[in-house]
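So the structure is just underneath, and the comments pick up after that.
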Amino acid sequence: MTVPRGNPLWSVPLSALTATQERPIFSAMRRPPRRAVAASPVEDSPAPPPKPVEALPPLLLVGAVVGEGDAIAILVNRTDQKVVRLRQGESLGGWSLTSVQQREVTLKQGERSEVLALQRPDAAAPAGLPADAGGRPTMPGPIDPSSPFAPRSTPKNGESDGL
Numbered sequence: 001m002t003v004p005r006g007n008p009l010w011s012v013p014l015s016a017l018t019a020t021q022e023r024p025i026f027s028a029m030r031r032p033p034r035r036a037v038a039a040s041p042v043e044d045s046p047a048p049p050p051k052p053v054e055a056l057p058p059l060l061l062v063g064a065v066v067g068e069g070d071a072i073a074i075l076v077n078r079t080d081q082k083v084v085r086l087r088q089g090e091s092l093g094g095w096s097l098t099s100v101q102q103r104e105v106t107l108k109q110g111e112r113s114e115v116l117a118l119q120r121p122d123a124a125a126p127a128g129l130p131a132d133a134g135g136r137p138t139m140p141g142p143i144d145p146s147s148p149f150a151p152r153s154t155p156k157n158g159e160s161d162g163l
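Going by the working numbering, the residue at position 30 of the sequence shown is 30; the numbering climbs one at a time, nothing skipped.
If you want it as structure tokens, here you go:
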């Protein structure tokens, strides 16, 4: 058997290139190959509707008091911003308080259980916003656009501040 030199396609006979003969490359009549036809889909039963997203409890844990015989969770109702105190075993809005620990509480609604954790004081206010005594972010007061900012050359009390 002789091994051809040069282009490896020289060893392929033209009779093996039937697609090239049927659709010549440089012909003005050249068209793309026919698309494959997909089989008709088998009719299936409709997909079940998506499971509705269950709402989280509308409560935010702001404190927990754990004593020897009693445990109380201090929560803020997110819908009306009112402070709510629940003892272990009490319910609010379909959610029952099942356990109270130092930094978290567990609420249960039917078979569903949610754990609310007490946020750290440094994570309570977003960076850059001043916070009040309770750690809640406060917004700065209105700015009067008619009075431009003018830095003082001397301190308010008239004494030099050493700068």
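Where a beta carbon is used, it is the ideal one built from N, C-alpha and C, also for glycine.
Bear in mind that the values here come from a model prediction, so they are computed numbers and not experimental data.
Q: From the DSSP output, in three-state form, read off Thr20 for me.
A: Here Thr20 sits in helix by DSSP.
Q | Rounded C-alpha distance that separates Gly93 from Pro57 | A | Spanning the alpha carbons of Gly93 and Pro57 requires a straight line of approximately 8 Å.
Q) How would you call Ala55, buried or exposed, if buried means at least 16 neighbouring beta carbons within 10 angstroms? A) Of the other Cβ atoms in all chains shown, fewer than 16 fall within 10 Å of the Cβ of Ala55; this residue is therefore exposed.
Q. Looking only at its own chain, which residues have a Cβ that is under 6 Å from the Cβ of Arg87, when we skip the five neighbours before and after it?
A. So the list reads Ile72, once near-sequence residues are dropped.
Q) Going straight from the alpha carbon of Glu90 to that of Ser96, what length do you get? A) Computed Cα separation, rounded: 6 Å.
Q) Count the other CB atoms within 10 Å of the CB of Val105; is the residue buried (16 or more) or exposed (fewer)? A) Counting C-beta atoms within 10 angstroms of its own C-beta, Val105 has 16 or more neighbours from the protein chains shown and is therefore classed as buried.
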